[in-house]
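Asker:
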Amino acid sequence: MKIERIDSYYLECPIDEPFGWSQGWANQRTALICKLTTEDGIVGWGEGGGLPSQTVIHQLFAPQLLGADSAGINRLWHQLFQSLHNDNQTGGFGGGALSAIDLALWDIAGKASHQNLSELLGGAVRAKVPVYATGLYYRENETEKLIQEALMYVEAGYRGMKTKVGGLSVDQDVERVGAIREVIGSDIHLMVDANKAYDVATAIRIGNRLADFDIHWFEEPVLANDVEGYLKVLDGQPIAIAGGEVWYNRFDARDFLAKRALHFAQPDVRFIGGISEFRNVAMMANTMGVQVCPHVWGSPIMISASISLASTFPPCPYSRAPRPYEQEPVMEFDQTPNPLRNELASVVFDQIDGYVNVPTAPGLGLEIDEMVLKRFCVNHVSSS
208 MKIERIDSYY LECPIDEPFG WSQGWANQRT ALICKLTTED GIVGWGEGGG
258 LPSQTVIHQL FAPQLLGADS AGINRLWHQL FQSLHNDNQT GGFGGGALSA
308 IDLALWDIAG KASHQNLSEL LGGAVRAKVP VYATGLYYRE NETEKLIQEA
358 LMYVEAGYRG MKTKVGGLSV DQDVERVGAI REVIGSDIHL MVDANKAYDV
408 ATAIRIGNRL ADFDIHWFEE PVLANDVEGY LKVLDGQPIA IAGGEVWYNR
458 FDARDFLAKR ALHFAQPDVR FIGGISEFRN VAMMANTMGV QVCPHVWGSP
508 IMISASISLA STFPPCPYSR APRPYEQEPV MEFDQTPNPL RNELASVVFD
558 QIDGYVNVPT APGLGLEIDE MVLKRFCVNH VSSS
């Protein structure tokens with residue numbers, strides 16, 4: 208099954224109601240989608256990186272991929288990684304490009320063998336994956352909307368949800384988180400995400416104040432690559448620490464895991480190097496007793512891949528009756544406005560009582576609506 212053609216599509220779509228977090232304000236959603244076509248006509252879909260990753264895919268990777276056997280996923284992954292490694296370009300746009308290609312190769316492998324992704328990875332250990340709602344971002348005139356949104360997640364059956372901190376003053380964010388906890392009650396897991404907003408001292412200060420609200424984890428409290436900063440925040444306040452969504456390979460994750468600088472690791476399959484490298488990092492984390500809870504923020508392609516990966520992770524630690532948020536991984540389930548998530552694929556993933564079923568169709572278990580793809584595409588590049 209030689210690779211005959213590579214297409215990539217950078218998508219943009221406006222959203223009706225903008226929202227914000229500590230680092231910015233969103234008025235659109237974006238995605239970089241990759242399509243690999245074999246000489247047999249099998250199509251594999253991938254997702255990763257941003258617009259600059261297209262240059263890596265077509266100028267650096269395409270000459271190595273065209274005519275290559277798509278079944279050689281391991282060989283191709285290391286060949287592409289090595290082509291980035293010498294110039295230290297394995298992170299950022301390079302890592303995002305590698306992720307997109309890797310996902311598409313696994314999708315082809317599943318379709319060619321008539322196996323779903325979890326079967327290709329050795330089989331699922333759970334038929335459904337627990338998820339938490341990501342939303343509760345900053346919005347204009349948000350006070351009443353915030354409460355309504357939190358209650359909506361409770362009524363929908365979620366057992367956990369995540370909100371943002373770092374976009375307002377410490378006092379204002381503490382008040383905001385307290386209001387959410389009050390309305391959802393004590394039985395729902397509540398997480399906070401700073402998106403790297405704080406220095407160590409401020410992260411410790413707000414962590415100690417938020418601890419009164421029984422926060423399950425404090426995500427990305429300081430700069431993403433600041434291992435020592437993570438360790439100081441971990442020691443200086445009582446909330447469990449999470450991070451890792453912008454790791455681009457196992458080497459980025461190594462020191463965080465070896466030093467136990469966080470309690471929850473959150474690789475993103477669009478950045479970490481795809482399914483191949485995500486699995487490596489997940490096993491490293493399990494070895495260190497660190498729970499893996501996939502970061503998910505994109506199209507149905509990465510959602511499907513993340514569910515399938517999470518379905519194969521063993522309990523951490525092993526337990527007779529593993530429970531979500533304790534021994535079982537929980538996956539992020541983005542609920543912010545995103546037409547790409549809802550319109551792009553043949554499958555729209557939904558949760559029931561805080562769980563999402565594992566895809567069972569071959570490969571990633573979905574097909575892309577190419578009419579929708581073209582409608583949202585602002586930059587298409589092809590190599591053959």
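For the sequence shown, the working numbering gives the first residue as 208, with consecutive numbering after it.
Ideal placement from N, C-alpha and C gives every residue a C-beta, glycine not left out.
In this text, all values refer to a predicted model and were calculated from it rather than measured experimentally.
Tell me which same chain residues have a C-beta within less than 7 Å of the C-beta of V565, skipping the five on either side of it?
Answerer: Taking the sequence shown and counting its residues from 1, one reaches residue 565 at position 358. Answer for V565: S325, A331, A334, K335, V336, I514, S515 and S518, listed in chain order.
Asker: So, helix, strand or coil for T567, using DSSP?
Answerer: In the sequence shown, counting from the first residue as 1, residue 567 sits at position 360. In this structure, T567 counts as coil in the three-state DSSP scheme.
Asker: Since I believe V407 is in contact with G436 (beta carbons under 8 Å), could you give me their beta-carbon distance rounded to a whole number of angstroms?
Answerer: For this step, residue 436 is matched to residue 229 along the sequence shown. For this step, residue 407 is matched to residue 200 along the sequence shown. So it is a contact: roughly 5 Å between Cβ atoms.
Asker: Report the rounded CA-to-CA distance for V263 versus L417, giving the unit in angstroms.
Answerer: In the sequence shown, counting from the first residue as 1, residue 263 sits at position 56. In the sequence shown, counting from the first residue as 1, residue 417 sits at position 210. Approximately 42 Å, taken between the alpha carbons.
Asker: Taking L343 as the reference, which of T297, T237 and W228 has the closest Cα?
Answerer: If you number the sequence shown from 1, residue 343 lands on position 136. Considering only alpha carbons, the answer is W228.
Asker: Going by beta carbon distance, what residues of the same chain come within less than 6 Å of E550, once the five residues before and after it are set aside?
Answerer: As a first step, residue 550 must be located in the sequence shown, where it is residue number 343. Cβ neighbours of E550 beyond the five flanking positions: V579.
Asker: Leaving out five residues before and five after G367 in sequence, what residues of the same chain have Cβ atoms less than 6 Å from its Cβ?
Answerer: Here residue 367 corresponds to residue number 160 of the sequence shown, with the count starting at 1. Taken in chain order, the residues that qualify are Y339 and H396.
Asker: Are there three or more Cβ pairs, one per stretch, closer than 8 Å when the segment 400–414 is compared with the segment 427–441?
Answerer: Result yes; three or more Cβ-Cβ pairs closer than 8 Å.
Asker: Which ranges does the beta strand (DSSP E) cover as unbroken runs of at least 3 residues, wholly within the segment 398–480, from first to last along the chain?
Answerer: The beta strand (DSSP E) runs of length 3 or more contained entirely in the segment 398–480 are, from start to end of the chain, 422–426 and 448–450.
Asker: Nearest-angstrom Cα distance between V381 and E577?
Answerer: Counted from its first residue, the sequence shown places residue 381 at position 174. Counted from its first residue, the sequence shown places residue 577 at position 370. Using only the alpha carbons, I get a separation of about 45 Å.
Asker: Does the segment 341–361 touch the segment 527–545, meaning 3 or more C-beta pairs lie closer than 8 Å?
Answerer: yes
Asker: Following the continuous beta strand (DSSP E) through F595, name the residue where it begins and the one where it ends.
Answerer: For the chain, the structure presents residues 208 to 591; residue 595 sits outside this window and is missing.
Asker: For F226, which beta-bridge partners are listed by DSSP?
Answerer: As a first step, residue 226 must be located in the sequence shown, where it is residue number 19. Its beta-bridge partners are A233.
Asker: Starting from G301 and walking both ways along the alpha helix (DSSP H), at which residues does that stretch end?
Answerer: Reading the sequence shown from its first residue, position 94 is the one you call residue 301. Looking at the DSSP string, the run of the alpha helix (DSSP H) that includes G301 is G299 to S320.
Asker: Quick one: give me the first and last residue of the alpha helix (DSSP H) that W284 is part of.
Answerer: Reading the sequence shown from its first residue, position 77 is the one you call residue 284. Its alpha helix (DSSP H) spans residues I280 to H292.
Asker: Helix or strand or just coil, what does DSSP make of I395?
Answerer: Position 188 of the sequence shown, counting from 1, holds the residue named residue 395. Under the three-state reduction of DSSP output, I395 falls in the coil class, being neither helix nor strand.
Asker: Short check: CB of E224 to CB of R477, under 7 Å?
Answerer: Here residue 224 is taken as the residue at index 17 of the sequence shown, counted from 1. Here residue 477 is taken as the residue at index 270 of the sequence shown, counted from 1. No, the pair does not count as a contact, with Cβ atoms beyond the cut-off.
Asker: Mind checking M490: buried by the 16 CB within 10 Å criterion, or exposed?
Answerer: If you number the sequence shown from 1, residue 490 lands on position 283. With fewer than 16 other Cβ atoms within 10 Å, it is exposed.
Asker: Mind pulling the alpha helix (DSSP H) runs of 4 or more residues that sit fully within the segment 491–527?
Answerer: 507–519
Asker: What is the DSSP secondary structure of P531, reduced to helix, strand or coil?
Answerer: For the purposes of this step, residue 531 is identified with residue 324 of the sequence shown, where counting begins at 1. The three-state reading of DSSP puts P531 in strand, counting E and B together.
Asker: If you measure between the beta carbons of A304 and S260, is that distance less than 7 Å?
Answerer: Here the question's residue 304 lines up with position 97 in the sequence shown. Here the question's residue 260 lines up with position 53 in the sequence shown. Yes, the Cβ-Cβ distance between A304 and S260 is below 7 Å.
Asker: Please name the residue in Q498, A465, M509 and E211 whose C-alpha comes closest to that of D475.
Answerer: The sequence position of residue 475 within the sequence shown is 268, counting from 1. Of the residues Q498, A465, M509 and E211, the one whose Cα lies closest to the Cα of D475 is M509.
Asker: With distance defined between alpha-carbon atoms, name the residue in F583, H587 and V588 nearest to C220.
Answerer: Start at 1 with the first residue of the sequence shown, and residue 220 comes out as number 13. Here the closest residue by C-alpha is F583.
Asker: Can you pull the DSSP bridge partners for H265?
Answerer: As a first step, residue 265 is located in the sequence shown; it is residue number 58 there, counting from the start. H265 pairs with nothing; no bridge assigned.
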